[in-house]
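Peer 1:
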Amino acid sequence: MSERSDRRSFLARTAALLGTVALAGCTDFAQQPWVIGILGEVENLTRRAQRLFAGGHALAPEYSKADIAPTFRANGTLNPNTNDYNVHVAGGFKDWAIDVGGLVDKPLKLSLAELRAMPARTQITRHDCVEGWSCIGEWTGTPLQLVLAMAKPKADARYVVFYCADPMGEATMDASGNVVQPPFYYESLDLLEATHPQTILAYELNGRNLPVEHGAPIRLRAERQLGYKMPKYVRRIELVSSFARIQGGKGGYWEDQGYQWYGGI
Ligand SMILES: Nc1nc2c(c(=O)[nH]1)N[C@H]1C(S)=C(S)[C@@H](COP(=O)(O)O)O[C@H]1N2
Ligand SMILES: [Mo]
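For the record, in the sequence shown the residue sitting at position 147 is 147 according to my numbering, with numbers rising by one throughout.
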């Protein structure tokens, strides 16, 4: 395929993909000048990322309103319950913001209000936990690919790491009597999964603000992945070329305990 037609079909696919966003309640989205700017930025992602756009973006099944579970089951941390988090709860999360940094040209800080002002996607999907349960719910949030396009990943960025606000366990004491703080939950996706159209920074479940037990105020949804790949209480995003030096080095809290890094379903 020539360089030019390759590029054109890439743009067509990207537009189609943004079109799915438009269907979710933002019909004039594709016409806005800043969106055309983002299309340009998306195009500037590495050739590897372009190939990924072309290949692996099949959608996870979506369901109807009638399929939504009356109560969505919660799992893992149900409340981070740190002093810092409790201050945000008390303030209605008005000061919550997500830092986006690492291997990007434009590090950003996005407040909850700024994320809410961006185009949204709503999807009714089935959550599958490795512990053997699933639940159907309706999630609304900002497509992560739009945030990444704003931050402009550098050519060597391969993974997107999400850092959460919940410590996993209690502080302990080591042999020399030093207090050892527990690790915080974290997770990572590769750029293919991170730019998938159903990968969103969700702030609503079933049409309401995300409850604390489901990750308030922002949790990731990556609908082709198992539950543990969808971090709740997201406070920082970092683009990296490797996660070897992050916590246990396996790319996620549960991966560090032995789970597979690839949690696709
Ligand atoms: N920050 C954080 N994210 C997390 C977890 C957690 O304990 N902490 N648990 C994971 C697991 S194993 C599952 S199944 C889902 C549960 O999401 P839910 O509570 O909204 O059902 O969140 C995932 N994300
Ligand atoms: Mo899970």
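Backbone N, C-alpha and C define an ideal beta-carbon position, used for all residues, glycine too.
#1: Alpha helix (DSSP H) containing L192: first to last residue?
#2: So the candidates are F184, S64, Q257; which of them puts its Cα closest to the Cα of T77?
#3: Figure out for me which residue from M173, W133, L146, W139 has the closest Cα to the Cα of I218.
#4: Please state the DSSP three-state secondary structure of G264.
#5: Quick one: residues in its chain with C-beta nearer than 6 Å to the C-beta of I269, no 5 flanking neighbours on either side, listed in chain order?
#6: Give the secondary structure of R245 by DSSP, where H, G and I count as helix, E and B as strand, and everything else as coil.
#7: For D156, which residues of its own chain have a beta-carbon under 8 Å away from its beta-carbon, when the five flanking residues on both sides are left out?
#8: Excluding sequence positions up to five away, which residues of its chain have a Cβ less than 7 Å from the Cβ of D190?
#9: Can you tell me whether T71 is buried or exposed? The criterion is at least 16 other CB atoms within 10 Å of its CB, across all chains shown.
#10: With DSSP run on the structure shown, which of helix, strand or coil describes N83?
#11: Below 8 Å on the Cβ atoms is my contact criterion, and I expect T221 with T199 to pass it. Report the Cβ-Cβ distance as a whole number of Å.
#12: If you follow the alpha helix (DSSP H) that L112 is part of, which residue opens it and which one closes it?
#13: At what residues does the beta strand (DSSP E) containing A222 begin and finish?
#14: Would you decide whether T174 is buried or exposed? Buried here means 16 or more other CB atoms lie within 10 Å of its CB.
#15: Counting only the same chain and skipping the five closest in sequence on each side, list residues whose C-beta sits under 8 Å from that of A171.
#16: Is any heavy atom in ligand 2 found nearer than 7 Å to the beta carbon of G215?
#17: Under the three-state reduction of DSSP, which class applies to W96: helix, strand or coil?
#18: Near G248, which residues of its chain fall below 6 Å by C-beta distance, leaving aside the five closest residues on each side in sequence?
#19: Check whether the Cβ atoms of Y203 and L192 lie closer than 8 Å to each other.
#20: Per DSSP, which one or two residues make a beta bridge with E138?
Peer 2: In short:
#1: 191-194
#2: F184
#3: W139
#4: strand
#5: Outside the shown range of the chain, which is 1 to 265, sits residue 269, and nothing can be said about it.
#6: coil
#7: L103, S241
#8: R158, Y159
#9: exposed
#10: helix
#11: For the record, residue 221 in the displayed sequence is Arg; it is not Thr. The Cβ separation is near 7 Å, so the contact holds.
#12: 112-117
#13: 219-222
#14: Note that residue 174 is Asp in the sequence shown here, rather than Thr. Exposed is the call here.
#15: V179, V180, Q181, P182
#16: no
#17: coil
#18: D256
#19: no
#20: I124
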